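In our numbering, the protein residues as written are 297 to 408.
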């Protein structure tokens, strides 16, 4: 549930093209038992949440501002919907899309 909240909130921020798919290395999974799904990694320690978001950004956005906006929105969404304190929201821009953009199914409004 926390990963879904973080993912949908991040995707709602203008400038986010899509989540980055494969973000967990084999070493990370082996050593730490952590795995990110759909571009989001959640860690809960002492009833507080840390979130890592891996995404592809639009070339036209200011990446610093994008990261700050995602941090603010994701932190607020988790606090409001689940009531858990958020320790950190780390935004990782894994790629920048240059050129024509594919239609984002989450924002196009077309159900097909």
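A virtual CB, placed ideally from N, CA and C, is assigned to each residue, including glycine.
Treat the numbers as computed from the prediction; the structure is a model and nothing was measured.
What's the gap between the Cα of residue 384 and the Cα of residue 358?
-> 21 Å
Own chain, CB closer than 6 Å to residue 305, minus 5 neighbours either side, in chain order | 369, 370, 373
Return the chain-ordered list of same chain residues with a C-beta closer than 8 Å to the C-beta of residue 375, the five sequence neighbours on each side being excluded.
-> 381, 382
For residue 388: DSSP bridge partner residues | 350
Which residues bound the alpha helix (DSSP H) around residue 357?
-> Here residue 357 belongs to no alpha helix (DSSP H), and DSSP marks it neither H nor E.
Residues near residue 362 by beta carbon distance below 8 Å, same chain, minus five either side = 309, 311, 312, 353, 387, 389
Is it the case that the Cβ atoms of residue 355 and residue 392 are separated by a distance below 7 Å?
-> yes
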